[in-house]
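Student:
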Amino acid sequence: MNFFIDTVSQDLVLAIFDKNFDLVDSNILEIKNKADLLPELVRNILSKNDLKISDFSDFYINLGPGTFTGCRVGLTFFRTLAQLGNINLWTCSTFNLLSFKKKEKMQYFISYSKNSQFSAFAHDGQLISEISDIKTENRPDDQVDYQLIFNNFSQAQKLFKKEENIVNVFPLYNN
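Counting from 1, position 50 in the sequence shown corresponds to residue 50 in UniProt numbering; the numbering is continuous, with no gaps.
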């Protein structure tokens, strides 16, 4: 079993995939206090599907960039579970997810505070520029198309890098 986690934006996203990367269940919830609710929401989706953490072989986590707290919450929670359960940890950036299946080079924007955004160019799931920090009036944020990711996770999982030393994995909230 495979578990996808994204806590870096305004949404908290959890998705469970079977060994063939077919979607079993998912939740996309707009939640501000992710740190307080993440354990309960994980427990709920596991219970609903009669699963335990030990049923999973791989965690897929978005490291950001995004909000400071959001970037840290998912990584800290699932890195701990991965260490305790000997579960593989795979990571990617928000820019990889934003540009999944988009063939043209585009500039993407991700807010992390009222007047600050991260920006980078990406296409087809690949970051093709440095991530820049923009301190001006924000442009509209680009949004990850989670349904596209979920419906094509056998392809989307290739955006993620397997982390060999999970203690040295850090969130992407600063250049």
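All residues carry an ideal CB built from backbone N, CA and C; glycine is no exception.
(1) Decide yes or no for the touch test of the stretch 63-81 against the stretch 142-153: beta carbon pairs closer than 8 Å, at least 3 of them.
(2) Per DSSP, what kind of secondary structure is GLU40 in: helix, strand or coil?
(3) Reducing DSSP to helix, strand and coil, say where TYR112 ends up.
(4) So what does DSSP say about TYR173, is it helix, strand or coil?
(5) Within a Cβ cutoff of 6 Å, which residues of the same chain sit near SER129, ignoring the five residues on either side of it in sequence?
(6) For GLN147, which residues does DSSP report across the bridge?
(7) Report the rounded CA-to-CA distance for PHE153 versus ASN165, giving the unit in angstroms.
(8) Taking 6 Å as the limit between beta carbons, can you name the residues of its chain near ASN98, skipping five residues before and five after?
(9) Expressed to the nearest angstrom, what Euclidean distance is found between the alpha-carbon atoms of ASP22 and TYR173?
(10) How about TYR60 and PHE160: are their beta carbons less than 8 Å apart?
(11) From ASN27 to LEU81, what does the alpha carbon distance come to, in whole angstroms?
(12) Does PRO79 pass the burial test, meaning 16 or more other C-beta atoms within 10 Å, or should it be called exposed?
(13) Which class does VAL8 belong to by DSSP, given the choice of helix, strand or coil?
(14) Under 7 Å Cβ to Cβ from SER54, same chain only, skipping five residues before and after it: list those, please.
(15) Mind checking which residues open and close the alpha helix (DSSP H) that includes SER99?
(16) By the DSSP assignment, the beta strand (DSSP E) with LEU29 in it spans what residues?
(17) Using the three-state DSSP reduction, which class does LYS162 fall into: helix, strand or coil?
(18) Roughly how many angstroms separate the alpha carbons of GLY64 and ILE5, rounded to a whole number?
(19) In terms of residue numbering, what span does the beta strand (DSSP E) encompassing LEU89 cover?
Tutor: Concretely, from the data shown:
(1) At 8 Å Cβ cutoff, the stretches do not touch.
(2) Judged by DSSP in its simplified three-state form, GLU40 adopts helix.
(3) TYR112: strand per DSSP, three-state reduction.
(4) Coil at TYR173, not helix or strand.
(5) Only ALA120, PHE121 meet the Cβ criterion.
(6) Paired residues: none, contrary to the question.
(7) Each residue's Cα considered, the two are about 24 Å apart.
(8) According to the sequence displayed, residue 98 carries Leu and not Asn. Hits under 6 Å: TYR108, ASP142, VAL144.
(9) The alpha-carbon atoms of ASP22 and TYR173 are separated by roughly 30 Å.
(10) Contact: yes.
(11) A direct Cα-to-Cα measurement between ASN27 and LEU81 gives close to 19 Å.
(12) As written in the sequence, residue 79 is Arg, which differs from the Pro given in the question. Flag for ARG79 reads buried.
(13) VAL8 falls in the coil class under three-state DSSP.
(14) Result list for SER54: GLY85, in chain order.
(15) Note, SER99: premise wrong, no alpha helix (DSSP H); not H, not E.
(16) It spans 23-30 - the beta strand (DSSP E) in which LEU29 sits, taken as one unbroken run.
(17) Strand at LYS162.
(18) C-alpha separation (whole angstroms): 11 Å.
(19) 88-92 is the extent of the beta strand (DSSP E) around LEU89.
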